[in-house]
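Worksheet for the structure shown next.
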Amino acid sequence: MPLSHNPNLLQPRTPILNWIADMGSDISEETRSRLCATLASSTLPAILGSINSIFITMLAYARIENPILVCVALLDLAFGIVRVSATNIKSLRTFAADLVVISGIGWAAMMAATMVVLGFSNDTPMLIVVIASGLGSCAGIIARNYAAPRLALTQVILIDTSFKIPFCIHHPEFTPLILIQGIGFIGIAIWIMRQQRETTVRAIAGEIESRTQSLLDPLTGLLNRRGLAEKAQSMRQTSTTKALLYLDLDGFKQVNDRLGHGVGDEILRQSARRLSICLPNASICRMGGDEFIVLVDCHSRQEAAVIGARIIQTISMPSVTCAGQASVGVSIGISLFDPKAVDLERAMVEADEALYRAKRAGRGCALLHDPRNADAPKVPA
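Convert by adding 12 to the 1-based position in the sequence shown; the result is the number in the working numbering.
Written out as structure tokens, the structure reads:
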């Protein structure tokens with residue numbers, strides 16, 4: 013039975029269970045979460061697996077009337093209940109991962125127990141049915157649990173050896189052949205799971221990379237408009253006041269026309285790096301051309317003024333380019349807003365209005381939006 017994609021199930025608390033369910037250290041947390049989701053696309057397959065094994069066990073009991081099989085069926089049912097409860101009862105969330113791993117191994121052990129009992133019986137037709145069911149379960153385990161190979165191998169080995177041991181006891185002359193086949197089967201299972209895991213990890217990594225690139229400006233590596241929108245959406249969960257600073261580089265067009273677009277691109281990249289260093293905890297977006305948006309935590313107008321002045325000082329420092337030294341300035345419009353009460357578009361409009369006034373005031377300055385005072389004083393550059 014696989015782990016759930018619920019984040020609470022990613023890490024069992026018990027060391028041995030944590031080791032068994034380990035998905036490797038060579039992957040990111042997002043990839044790990046996605047791999048975990050592949051282990052449990054639905055609870056339904058796990059329930060159907062339990063129903064199938066319980067039914068076969070009770071059918072075997074009806075044929076050979078061994079009371080051990082009744083105990084096996086009851087334990088199988090108990091493991092199934094644990095599996096469902098672990099992912100649906102909130103009070104069990106703390107140990108949910110441990111319970112899921114235990115129930116998965118327990119389910120495989122109960123199927124193995126049924127095979128062992130039948131392996132020492134004389135009911136060959138029923139033994140064939142149970143073996144066929146067990147082999148089918150092994151295929152399902154390999155196909156679905158490859159993200160946690162130790163868990164999958166534990167289940168597969170339990171089931172695979174359960175019918176081979178009685179057979180070797182009855183027919184010891186076949187033991188060498190069974191050992192060779194068993195080793196080969198485990199080797200092939202490991203190879204298949206490794207291939208599936210590598211393919212899945214590459215696909216997930218490619219999707220993550222594609223999604224990440226779609227959120228970034230290719231020239232500067234900053235967020236693009238889509239990335240800024242996603243960032244703003246995530247900010248709606250916080251009540252921390254934000255400052256949105258709308259930046260427009262002063263004199264950029266003249267530098268671009270005089271020294272060429274290559275130098276202009278270099279200026280934009282340097283400006284982006286400077287902003288990232290100046291405000292390491294801010295979300296910074298290139299809107300296009302020479303316009304940037306900065307989103308940063310800010311608790312007062314005075315703090316916003318300080319941030320604006322710092323940006324102006326940082327951007328205005330001369331840049332060394334392949335065509336020599338070049339300088340640009342920056343004008344800034346600032347809007348203070350609560351992400352829960354004001355959306356990004358509204359904040360951008362307010363900051364844009366303040367930017368317009370900053371440019372009319374002589375450029376190289378930062379103004380805060382204030383609907384009560386259209387002539388709000390400049391923040392010194």
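All C-beta atoms in this analysis are idealised placements derived from N, C-alpha and C, irrespective of residue type, glycine included.
- Between the region 161 to 177 and the region 194 to 213, the count of Cβ pairs shorter than 8 Å is three or higher; the stretches touch.
- With a cut-off of 8 Å on Cβ pairs, the region 304 to 314 is not in contact with the region 215 to 230, counting fewer than three such pairs.
- When the five nearest sequence neighbours on each side are left out, the beta carbons in the same chain lying within less than 8 Å of the beta carbon of Ile-177 are those of Val-128, Gly-131, in order along the chain.
- In this structure, Asp-260 sits near Ser-343, with a CB-CB distance shorter than 8 Å.
- Per the coordinates, the alpha-carbon of Pro-79 lies some 35 Å from the alpha-carbon of Arg-105.
- Excluding the 5 residues flanking it on each side, Ala-160 has same chain C-beta neighbours closer than 6 Å at Ala-33, Met-35, in chain order.
- Residues Gln-337, Ala-338, Ser-339 of the same chain have their beta carbon placed closer than 8 Å to that of Pro-330, with the five preceding and five following residues left out of the count.
- Residue burial is scored here from C-beta neighbours: His-183 has fewer than 16 other C-beta atoms within 10 angstroms and is therefore classed as exposed.
- Residue pairing by DSSP places Arg-298 opposite Phe-304 in a beta bridge.
- The Cβ atoms of Leu-170 and Ala-120 sit closer than 8 Å to each other.
- Under DSSP, Tyr-258 shares a beta bridge with Ile-305, Gly-345.
- An exposed status is given to Ala-215, since fewer than 16 other beta-carbon atoms sit within 10 Å of its beta-carbon.
- The region 134 to 143 makes no contact with the region 180 to 196; the number of CB pairs closer than 8 Å stays below 3.
- Under DSSP, Leu-81 shares a beta bridge with no residue.
- Taking a C-beta distance under 8 Å as the contact criterion, Asp-262 and Arg-375 qualify as a contact pair.
- Sequence-distant partners of Ala-125 (beyond 5 residues in either direction) whose C-beta falls short of 6 Å from its own C-beta, in its chain, are Val-84.
- Here Asp-135 is near Arg-75, since their CB atoms are less than 8 Å apart.
- Per DSSP, the continuous beta strand (DSSP E) segment holding Gly-336 begins and ends at 336 to 338.
- Straight across, the Cα-Cα distance linking Leu-356 with Gln-266 is about 31 Å.
- Taking a cut-off of 8 Å for Cβ pairs, the region 318 to 328 and the region 270 to 279 do not touch, as fewer than three such pairs fall below it.
- Scanning its chain for C-beta atoms nearer than 6 Å, with the 5 sequence neighbours on each side dropped, one finds around Asn-30 the residues Pro-24, in chain order.
- Rounded to the nearest whole angstrom, the CA to CA distance from Met-122 to Pro-57 is 17 Å.
- The C-beta separation of Leu-89 from Ile-66 comes to about 6 Å, placing the pair in contact by the 8 Å criterion.
- Taking Asp-277 as the centre and dropping the five residues before and after it, the same chain places the C-beta of Leu-231 closer than 7 Å to its C-beta, in chain order.
- Here Ser-331 carries a strand assignment [DSSP, helix/strand/coil].
- Annotation: Ile-319 to Ala-353 spans about 23 Å, alpha carbon to alpha carbon.
- According to the DSSP assignment, Ala-244 belongs to the alpha helix (DSSP H) that extends over 237 to 247.
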